[in-house]
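*Asks:* Dropping a structure here in structure tokens format, bear with me for questions.
Protein chains in written order, with my numbering: chain X, 191 to 520; chain A, 9 to 334; chain W, 199 to 712.
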């Protein structure tokens, strides 16, 4: 039942509606949309557009977390692929640029996956290495400068529009559909959830758990690579210092808000992306309300704590008892 | 291999690295450079001492960078805007930091949550709070600041051992003694070995968890004060990403990221190695600062692999024995 | 120290202890008495209730009924820590000390000698040395405990317990990873402690050792007390009968006549198959439509044989054949590919994926076998799950329920369904009836028979000998990690299996380990 539209999304959808309503109160024009030059404009589109990088990251992150892992390096991987894209943009075709940037993301994912699945390192330890070194590698590529470019193809990727939607949003949507199709139309989803739920038992049932773990880190790297390209295309440049900074944390937060447990098992792609949108809607709302944007972090902290407490094994134990009691009464 | 503790390997890396630097740039081997190294990395040394306790106990504290940032802003505002005497401001912020750490420790223990995510929330909270106080850089002009900044012990060879360096060295030594000589220290190792077993053996695991995170935040607060001495300003964006440098220093210092083994002295060496790489890059002039991160990453990888190897090696005799029995 | 304890004084008295986990009654009105100064062996197969009893005595599990007295005084510890304060200490097979701390710190954790807030390291080491010297151990106490052998770690754990003034010492499989010499040392220490008046509960599956060291034996089976005997007056055969036989009636194989015809086709064969230090090389033929039972005591190599056959463990010698063709079994995936299935003994850790639904658990192995790119559609999954839920009568009959919420018996059926869905040629079942209620028990046995009649080859491990006798065509008896006897047809009865398990020679095999 965890196909593309899961049954457990009610809390997240309600949360999103409430935040949207608050945003509407803060800014009466919040829901206004207008079409200009074949492209939609408005706060809602803004939310989608700005939420794209985290949404892309969360697509990869949710699979990693489903296997009981975590990938701290996605922000650094974004910086690397963004740096590569920006450096190549004005001298190569878009295909080459994309291939190189996504290829870099893939290699980073392979590295992480190798450390976790083959060397058996703890995921948090293994991905910390690339988190530290990755930003240095990105700076190596940009030689410490902010590399700008003017390639219209790549600029279009960040600022153009398809069917009225900003290109990044269309890409994120496409990736969600692609990931969802790959994961749910193949048996990948079931096997990932089984691996995260009980790796030993899955191995004994004939599941290639190592291959699963390797695959999710690779996919996470590719998603981070794509997010890096889009972030670079958006600002028409690559800033190795700041690109994707702290976004790994936002991506983890999005996954956690999306109801996927940090202890692995059941996951939902749609809800993870919804989580990313919830984060972005809050950000935009705070921006529109006139509060300093820095207020974001405080709100995020409160949200993390609230979600954590809801997910806490001890509290959910209590909750489980309550539901069981209710069920027996009914 | 088994007899060689990781901290010795760190020491060897430090000495060999320093020798290499000194061969290439003879000027590096002077008390002036060493003194600067200690001053520049004073706050890192302090916060890494606290992180060592946390990591040995099997946890992690991602909030330290934000706590440093908050401290600098709080201290600057308290002294400059709210008219507090500096000492009172220091006591207030240290009490606040300690309470903050204790709260994180309590949440980790009571709700049985991964420290990584709880301290992540703490990181957001502290950084957000410092933004709320002020988004501007607030210069500190109190006389005590210039006094402290100017104070230094002259070293032979023209070097200066500054006040912040002295504070750092005192804390490192104090931390090392606390870890090695007290019941508290033994319990920190016990927690890192196995929380369940430690509890079975009589360690008050909950109280220890609270104390350990309290210590880490308290030292982050002190590091924040030292940082404000160093920059004579409070800025909410200061010390961004310091938690990563700190964790790297601890791991390079031979502490097992999974807990149970490690030392404050090793961490101190780890801080010096990072500072040394930075110094080398400064001296070279052609190399850029990003090499620090790459070199740190490579060292991190090397030490983690080394420790995995050591752990595997330590486990092997037991496996062999189990086989021999049957 | 040398004053001889009153032999009749009961130190630890357990009366009428009961404990249930859900529908499973793990302990039913069990009594146990430990006298001061005696070494008392607590025996029983896996699932007999030994560890539950220990955990109830030490307060790790709350008990449903019954009382525990120490020196006549009623106690009800709520945790292992509280139990220690009442004088009951437990040393488990995986020593519960901290290998990363020094030996001295392990002995004195949280009660180190202090001066001015500082641990008196020298004093602590001196005391540790003296304490260990009592146990004949002269080691560097400042080295990490993990550097030492398991034997030293055990002795350290015992020394700590004794120094904490434990009067009852429970040793749970202390000899499982010790060599002969280390066992001797440990026994020496146990005798010495018994002389001091400490009562020792010795849990072990090495019967030779039980005969060597214990004064009395208590046997549990299926959560019930079978009996308490003086070791000296209990024959080995009688002991094994207490542990394994449900009743003493000599049942013969219900399938014996069918098993007589040897025309069945060979499904899989294993020739000189084994792994050093795991199971001695064995020959085994599994035929379609035939049940082969694996009998033996705990630790005799039954599960190890099963894992080798399935491919969960790699053999280092011998040849496996499937339908006559040589194959290599390197991983569970290989086993699954060749049409094998394996229901492991530990359902929770090696079997179910608790949070996934019954349907997902059932299709898991089939899906893994088909590969990623050939997913089962939701309709096919529903159909398969629905079919097996009905066929095996899985309750509640809701394929969308997380399997973790089902009872043990139903979880076992889900695992059976998982393998049946792969249409296997060989099914390996390790203790398929362990820890499930009586009704489900009978059903599983009926299922085993039916499956066999459908032409499946089965290899079944069970500690219940009369159960093995009822459904097996052949029985392989294991002892000390080697196959020692194969019984077929009319020869299969509880008596001959018991005789094969109890046959002497076990002691010779034990000497060989030294």
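Where is the CB? At the ideal position from N, CA and C, for every residue including glycine.
As a quick exercise: from A:243, A:165, A:26, pick the residue whose alpha carbon is nearest that of residue 145 (chain A).
*Replies:* Cα-wise, what sits closest to residue 145 (chain A) is A:243.
*Asks:* Ignore the nearest five residues each way along the sequence and tell me which others in residue 445 (chain W)'s own chain have a CB closer than 8 Å to its CB.
*Replies:* With a pLDDT of 48 at residue 445 (chain W), under the threshold of 50, the predicted position of this residue should be treated as unreliable, though the coordinate-derived value follows. Result list for residue 445 (chain W): 664, in chain order.
*Asks:* Determine the closest residue to residue 6 (chain A) out of A:147, A:99, A:84, A:259, with distance taken between C-alpha atoms.
*Replies:* Residue 6 (chain A) is absent from the model: chain A starts at 9 and stops at 334.
*Asks:* So is residue 226 (chain X) buried or exposed if we call it buried at 16+ other beta carbons inside 10 Å?
*Replies:* The residue in question, residue 226 (chain X), is exposed, as its Cβ has fewer than 16 Cβ neighbours within 10 Å.
*Asks:* In chain order, which beta strand (DSSP E) runs of at least 3 residues are fully inside the stretch 228 to 287 of chain W?
*Replies:* List check, beta strand (DSSP E) in window: 237 to 241, 263 to 268, 271 to 273.
*Asks:* Going by DSSP, what residues sit across from residue 170 (chain A) in a beta bridge?
*Replies:* Residue 170 (chain A) pairs with A:160.
*Asks:* Since residue 425 (chain W) is in the alpha helix (DSSP H), which residue starts that stretch and which ends it?
*Replies:* From DSSP, residue 425 (chain W) is part of no alpha helix (DSSP H) but of the beta strand (DSSP E) over 422 to 428.
*Asks:* Please report how far the alpha carbon of residue 684 (chain W) lies from the alpha carbon of residue 626 (chain W), in whole angstroms.
*Replies:* Looking at the two C-alpha atoms, the distance is approximately 18 Å.
*Asks:* If distances are taken between C-alpha atoms only, which option among W:573, W:674, W:676 comes closest to residue 373 (chain X)?
*Replies:* Measuring from the Cα of residue 373 (chain X), the nearest candidate turns out to be W:573.
*Asks:* Which chain W residues sit within Cβ distance under 7 Å of residue 376 (chain X)?
*Replies:* By Cβ distance, chain W contributes 570, 571, 573.
*Asks:* Is residue 318 (chain A) close to chain W, meaning its C-beta is less than 8 Å from at least one C-beta of that chain?
*Replies:* No, because no Cβ of chain W sits closer than 8 Å to the Cβ of residue 318 (chain A).
*Asks:* Going by DSSP, what residue range makes up the beta strand (DSSP E) through residue 479 (chain W)?
*Replies:* First-last of the beta strand (DSSP E) with residue 479 (chain W): 477 to 485.
*Asks:* Is it the case that the Cβ atoms of residue 262 (chain A) and residue 274 (chain A) are separated by a distance below 8 Å?
*Replies:* Cβ distance < 8 Å, so residue 262 (chain A) and residue 274 (chain A) count as in contact.
*Asks:* I want to verify the contact list: residues of chain A whose CB lies under 7 Å from the CB of residue 482 (chain X), in sequence order.
*Replies:* Residues of chain A passing the Cβ test: 139, 143.
*Asks:* What does residue 452 (chain X) touch in chain W if you count any residue whose Cβ is under 9 Å from its own?
*Replies:* By Cβ distance, chain W contributes nothing, its closest Cβ being about 14 Å from residue 452 (chain X), past 9 Å.
*Asks:* Threshold first: 4 residues or longer. Then list the alpha helix (DSSP H) segments lying entirely within the stretch 346 to 426 of chain X, N to C.
*Replies:* Complete alpha helix (DSSP H) runs here, min 4: 357 to 375, 378 to 387, 389 to 394, 399 to 425.
*Asks:* Locate the alpha helix (DSSP H) running through residue 470 (chain W), then write down its first and last residues.
*Replies:* Run containing residue 470 (chain W): none in the alpha helix (DSSP H); it sits in the beta strand (DSSP E), 464 to 473.
*Asks:* Closest to residue 180 (chain A) by C-alpha separation, out of A:227, A:36, A:305, A:83, would be which residue?
*Replies:* Of the candidates A:227, A:36, A:305, A:83, the one whose C-alpha sits nearest the C-alpha of residue 180 (chain A) is A:227.
*Asks:* So which residues on chain W does residue 394 (chain X) lean against when the C-beta distance must stay under 7 Å?
*Replies:* Here the neighbours are 510, 530, 540, 542, 548.
*Asks:* Would you say residue 457 (chain W) lies against chain X (beta-carbon separation less than 8 Å)?
*Replies:* Low confidence applies to residue 457 (chain W): its pLDDT is 46, below 50, so where it sits in the model is not reliable, and the reading given next is rough at best. Chain X, which has no Cβ nearer than 8 Å to the Cβ of residue 457 (chain W), makes this no.
*Asks:* Note down, in chain order, every chain A residue with its Cβ under 9 Å from the Cβ of residue 303 (chain W).
*Replies:* Within 9 Å Cβ-Cβ: 194, 197, 198.
*Asks:* With DSSP as the reference, please indicate the residues paired to residue 671 (chain W) in a beta bridge.
*Replies:* Beta-bridge pairing links residue 671 (chain W) to no other residue.
*Asks:* Starting from the Cα of residue 333 (chain X), find the closest Cα among A:295, A:161, A:303 and give me that residue.
*Replies:* Checking every option, the nearest Cα to that of residue 333 (chain X) belongs to A:295.
*Asks:* Extract the residue ranges of the beta strand (DSSP E) inside the stretch 221 to 262 of chain X, only unbroken runs of 3 or more that lie entirely within it.
*Replies:* With a minimum length of 3 residues, the continuous beta strand (DSSP E) runs that stay inside the stretch 221 to 262 of chain X are 224 to 226, 229 to 231.
*Asks:* Can you tell me the Cα-Cα spacing of residue 279 (chain A) and residue 317 (chain X), whole angstroms?
*Replies:* Going from the Cα of residue 279 (chain A) to the Cα of residue 317 (chain X) covers about 21 Å.
*Asks:* Taking the runs of the alpha helix (DSSP H) that are 4 residues or longer, which of them lie wholly in the stretch 304 to 369 of chain W?
*Replies:* With a minimum length of 4 residues, the continuous alpha helix (DSSP H) runs that stay inside the stretch 304 to 369 of chain W are 319 to 331, 348 to 361.
*Asks:* How is residue 221 (chain W) classed by DSSP in three states: helix, strand or coil?
*Replies:* Residue state, collapsed to three classes: coil.
*Asks:* Taking only beta-carbon positions, decide if residue 205 (chain A) is within less than 8 Å of chain W.
*Replies:* At least one chain W Cβ lies under 8 Å of residue 205 (chain A).
*Asks:* Tell whether a beta-carbon distance below 8 Å holds between residue 356 (chain W) and residue 301 (chain W).
*Replies:* For residue 356 (chain W) and residue 301 (chain W), no; Cβs fall outside 8 Å.
*Asks:* When DSSP labels each residue in this structure, what does residue 87 (chain A) get in the three-state scheme?
*Replies:* Helix, per DSSP.
*Asks:* Under 8 Å between beta-carbons, which chain X residues line up against residue 125 (chain A)? List them in chain order, please.
*Replies:* Within chain X, the residues near residue 125 (chain A) are 442, 446, 452, 494, 498.
*Asks:* How many whole angstroms separate the CB atoms of residue 273 (chain X) and residue 209 (chain X), which I take to be in contact at a CB cut-off of 8 Å?
*Replies:* The Cβ separation is near 34 Å, so there is no contact.
*Asks:* Let me confirm a value: residue 281 (chain X) is counted as buried when at least 16 other C-beta atoms fall within 10 Å, else exposed. Which label applies?
*Replies:* Exposed.
*Asks:* Residue 294 (chain W) versus chain A: which residues are under 7 Å apart at the beta carbon?
*Replies:* Chain A residues near residue 294 (chain W): 205, 208.
*Asks:* How long is the line joining the alpha carbons of residue 298 (chain W) and residue 403 (chain X), rounded to whole angstroms?
*Replies:* Roughly 30 Å between the two C-alpha positions.
*Asks:* Give the single residue among X:416, X:216, X:204, X:206 whose Cα lies nearest to the Cα of residue 477 (chain X).
*Replies:* Measuring from the Cα of residue 477 (chain X), the nearest candidate turns out to be X:216.
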